[in-house]
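Note that the protein sequences, when read in sequence, are chains A and B.
Counting in numbering that gives the first Met the number 0, the first sequence runs from 0 upward without gaps.
Counting in numbering that gives the first Met the number 0, the second sequence runs from 0 upward without gaps.
Where a beta carbon is used, it is the ideal one built from N, C-alpha and C, also for glycine.
None of these values were measured; they are calculated from a predicted model.
In what follows, a single structure is set out as structure tokens and then discussed.
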Amino acid sequence: MDRLLGGNPLAEGLVGDRQPEPCAMVIFGASGDLTRRKLVPALYSLARERLLPSGFAIVGMARRALPFAQDMREAVGQFARRRPVDEALWESFGGAISYVSGDFDDPAAYERLRLHLHELDLQRGTRGNRIFYISTPPESFETILRHLGQAQLISKSERPFTRVIIEKPFGRDLASAEQLNRVCLDVLREDQIYRIDHYLGKETVQNILMFRFANSIFEPLWNGKYVDHVQLTVAESIGIEGRGNYYDQAGTLRDMVQNHIFQFMTLMAMEPPVAFEASAVHDEKVKVLRALRELPMSEIDRYTVRGQYAAGFHQGQPVPGYLEEHGVAPQSQTETYVALKLFIDNFRWGGVPFYVRAGKRMARRVSEIAITFKQLPHALFSGPMGKLSHEPNVLTLRIQPDEGITLKFLSKVPGPTIEPRPVTMDFRYGTSFGIEPPEAYERLLLDCMLGDGTLFARGDEVMASWKYCDRVLSGWAERDAHRKVALPSYEPGTWGPEASANMLARDGRVWRRP
Amino acid sequence: MSQGQDFRQGERREGWAVPLDAVAAFTQGASVSVAPERIEQELLSLWRRASERAQAQGAAFAVTRACQWNLIVHTHGETELLSAKQIIDMVTESVPCRVLFLHETEDLGDGALIGDDGVPLHASVEANFRESPSGRREIVAEEITIETPQLHSRRLPGLLRSLLLPDVPTALLVANPARDAEWLRPICGDADRFVFDSGKLSGFGELGKVAIVLEELYGTSLGSVERMDLGWLRLWPWRLLLSSLYDAPQSRAGLGRLREIVVRYTEGGEVSALLLAGWLMGRLHLVQTGTLASDGTAQLVPGAGSPVKGPVQLRLGLDPGGRGPTGLQEVALLQGESTLSAAVCPDGGGILLSSPFQPSRTQPMRGRPDAELWVAALGVGGRDPLMYEALRLGAALLLGDEIFREQQQPEVRW
């Protein structure tokens, strides 16, 4: 506590309100969509909630000259969680926004930035503390990190603090992720690096830990003795939305599974950490990733399914197929749908399949974890047609939309007969708390200001997830090199290709319809 | 949040001359009179019928109730009731509550029923609902208003208890508990959190009375009933800015030579000044040597663990032309030859922070709306041991610290 307060007797009791220390936040890639849609509106929301420090400044940095503060005023008006904009608040918040233009590979730009930040320390009381948010295309990450180091804008010293937030993707395979990590660690300590995955800032993802470790009734059932299988779904109803050039180089495995799905799968599957602090949580998460059973390359088709959306109709509108999208190679083998069957080989989850699927142009937008419990060993209740089959209990953690938790169980239909009917117990954030959960970026930016890396990915987690995905990618590449056939296609507005349903059917299971 | 119409602009409860049946009136946010002994049954019936009607009209979802708190709110007079209801409309947007207004009034109209104890009571119910982000309507919370000219009625505590939803904590919000504490005694034990508002008190003396009443009702220990002061929450920006003056190591080092604390307040800001002084005394471990003199001064000495090395004069003074949003105009700490201060700017648009160890800067400060304070008081902000400390030390400056010495002092822990 004393370290946090810096020995300031008047700060006691204020830190408990999660009030960060004064700092300046520099956003590289300030002209990008993320800054406009998410980052600055999130910072505005924090200001509105009175969670920003008394000394705070935002500095945008990008190549071209911009009327940055003015653009951000429009962006906040358009994208802030709570609108209309509070003009009195904007007066102070907008006054903290400034801009430095320059090429990311021009040392003079970093010198201008250094002088500007020094000015802000004097004018706005930011006290030398810096957060650099690198929200540029990935090819600029290393350049920016090296120049920040050379300009002594970042250092490994503890005080004043310097932290760097790096947007995804952190590498495009294991080798490139390791290379980027080496560059980071040349100029920063691990605890200064905040690898952001906005899914981890969602209330429902954070609530996985609360649900598991603050309730006594679920954890005893949270293992292979009671759980039959787990399904993790991240489905998007949209297509690639004009991002063909990027997406065709990435694919769904890189874009969704390596980061989002593996992050919330680890939270769902990990052992209880010894404390709710960053290092203890990361230690447990990385153990899950290291326990993932190595994919048998000779059976890659039994454990993985790829697909591409075809042309058709989605929500009543005609939509192009993936191969017709702008920027996509005509013979592209990039997947817009992926399904995996995983095993976590440890005491808790031995033998329990984890079925993972993610895709674009699916029936609806939904992210969820569904835990299906084992059937009872004996069906007690009979009907006119003999023994009644019992549907299994399913616990569903809905991450988006309609955030909440549902438990499905059987109940007797009222009346003289013995007829079981599945019913649900529902918890929904909307009805229980009445409030709109904060945007994920609000939580994550605040955590970074507070120096709390719990909801960010640690380097070894990222490497472990890339290691698994690399093997999948190698398996697919090997298979394509050996016998290249077009990926299975699926109709827009469905839940993926038939091969995906077949993967579960072979195990006597079916995908949920979320 | 909607009440069928937008009542936030002071229109609430007016204009309900349009004839509506009870269910329509209820779901549109109008007040429906009910017999006091049948409040719960009538509410259940109204909810059920509202739900059936919504489904019959093709609504995809049934009407839903949500509740995180039972919130008992005491009001006195029509103006207070109207204001409290407007605040509740905003509060329940963030914190759905079953709200029980306990309204003291002589004007009960014709619908009041006189009980066995001869005290007339009138009851009515209302619904707070809103559109969910997905566009479907969700009922969020309900309000019950009990009006009576005499809160001492013997049947009132039992009636209130019967209306508290189970498995939900209860908060009791009484702006000035010193005004009439007698009726509070039978029900104060039913609350998990007691909220008052020192900002509504006038003059130094009332803070002392409130402190004594709270000690009588709940003792000094933190115990199971948490207490929170909305006035204390209003001071939070001042505390934050003052603490920022001590971020620099040199300013902290200079605390050893602290010789004077000056708190200047605006008209009606006496209680804020006392609370802030209590907070500074607690954080700097300063102990009073006597009570506050008529000129607003008191002598303090360093206690155990204090960073201060010598005696300190506390000086509270009125600034008649002051424009501070929270009743405070300036706080200055004089240490050696240095002065560290936070003062309202001449245009009232912010707080000027001055220190020889940091560049001067102006920080914006806005008063926090009452609804925001209520929400904070019902959240984690409602648990602040420093509030007890500041209240006790502030009140002791008026009454002498002997009055609180006989009982166990609250321990401030984090």
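Asked                                                                                                                          : Found
C-beta contact flag for A/Ala150 and A/Tyr109 at 8 Å                                                                           : yes
Contacting residues, own chain, Cβ-Cβ under 6 Å from A/Thr395 (five flanking each side not counted)                            : Glu367, Ala369 and Thr405
Beta-ladder partner(s) of B/Pro301, from DSSP                                                                                  : B/Leu285
Rounded C-alpha distance that separates B/Val17 from B/Met227                                                                  : In this predicted model, B/Val17 has a pLDDT of only 45, less than 50, meaning its place in the structure is not dependable; the value taken from the coordinates is given anyway. So the two alpha carbons sit approximately 41 Å from each other.
Residue span of the alpha helix (DSSP H) that contains A/Cys468, given as start and end                                        : Gly458 to His481
B/Gly230 versus B/Leu206: straight-line alpha-carbon distance, rounded                                                         : 11 Å
Nearest neighbour of A/Leu220, chosen from A/Trp348, A/Pro272, A/Glu118 and A/Pro8 [CA to CA]                                  : A/Trp348
Given A/Phe380 as reference, the closest of A/Ile417, A/Ser410, A/Glu11 and A/Pro106 once Cα atoms are compared                : A/Ile417
Proximal chain A residues relative to B/Arg360, where beta-carbon distance stays under 8 Å                                     : Gly54, Gln122, Arg123 and Gly124
Contacting positions in the region 241-255 of chain B - beta carbon closer than 7 Å to chain A                                 : Leu241, Ser242, Ser243, Tyr245, Asp246 and Arg251
Best match in B/Asp191, B/Val224 and B/Arg178 for proximity to B/Gly204 [C-alpha to C-alpha]                                   : B/Arg178
8 Å Cβ cutoff met for A/Ala176 and A/Met462                                                                                    : yes
One or two residues paired with A/Met424 in a DSSP bridge                                                                      : A/Leu406
Residue from B/Trp278, B/Gln334 and B/Ile186 with nearest C-alpha to B/Arg256                                                  : B/Gln334
Cβ of B/Arg226 within 8 Å of any chain A Cβ                                                                                    : no
Chain-order list of residues whose beta-carbon lies under 7 Å from that of A/Cys183 (same chain, five-residue window excluded) : Leu144 and Ile192
Short CB-CB distance (under 8 Å) between B/Arg238 and chain A                                                                  : yes
Whole-angstrom distance between A/Asp451 and B/Ser359, CA atom to CA atom                                                      : 30 Å
Beta-ladder partner(s) of B/Cys96, from DSSP                                                                                   : B/Trp68
Cβ-based burial, A/Met0 [other Cβ within 10 Å; buried from 16]                                                                 : Bear in mind that a pLDDT of 37 at A/Met0, under 50, signals an unreliable position, so the model cannot answer this.
Whole-Å CB distance - B/Gly321 paired with B/Arg391, under 8 Å assumed                                                         : B/Gly321 to B/Arg391, Cβ: 26 Å. No contact.
Pick from A/Ala309, A/Leu199 and A/Pro21 that is closest to A/Gly54, judged by C-alpha positions                               : A/Pro21
Between the CA atoms of A/Arg171 and A/Gly240 - distance to the nearest angstrom                                               : First, the amino acid is wrong: residue 240 of chain A is Glu here, not Gly. Roughly 21 Å separates the two Cα atoms.
Residues bridged to B/Asp414 [DSSP beta-bridge criterion]                                                                      : Outside the displayed range of chain B (0 to 413) lies residue 414 of chain B, so it cannot be described from this structure.
Complete alpha helix (DSSP H) runs within the region 208-275 of chain B (minimum length 4 residues, chain order)               : 229-233, 235-243 and 248-252
Buried/exposed call for A/Pro8, threshold 16 Cβ in 10 Å                                                                        : buried
Contacts of B/Leu385 in chain E (Cβ-Cβ under 8 Å)                                                                              : Here chain E cannot be found, since the structure's protein chains are A and B.
When B/Pro319, B/Ala394 and B/Glu103 are compared against B/Thr144, the one with the closest alpha-carbon                      : B/Glu103
Exposed unless 16 or more other CB atoms sit within 10 angstroms - verdict on B/Gly378                                         : exposed
Counterpart residues of B/Gln357 in DSSP-defined beta bridges                                                                  : B/Ser354
Interface positions of the region 281-303 of chain B facing chain A (Cβ-Cβ less than 7 Å), listed along the chain              : Arg282 and Leu283
Range of the contiguous alpha helix (DSSP H) that encloses A/Phe212                                                            : Glu202 to Phe212
Span of the alpha helix (DSSP H) around B/Cys344                                                                               : Segment: none, B/Cys344 is in no alpha helix (DSSP H) and carries neither H nor E.
Buried versus exposed, by CB contacts within 10 Å (16 or more), A/Tyr225                                                       : exposed
A/Arg397 in three-state terms, based on DSSP                                                                                   : strand
Cβ pair A/Asp102, A/Arg62 closer than 8 Å                                                                                      : yes
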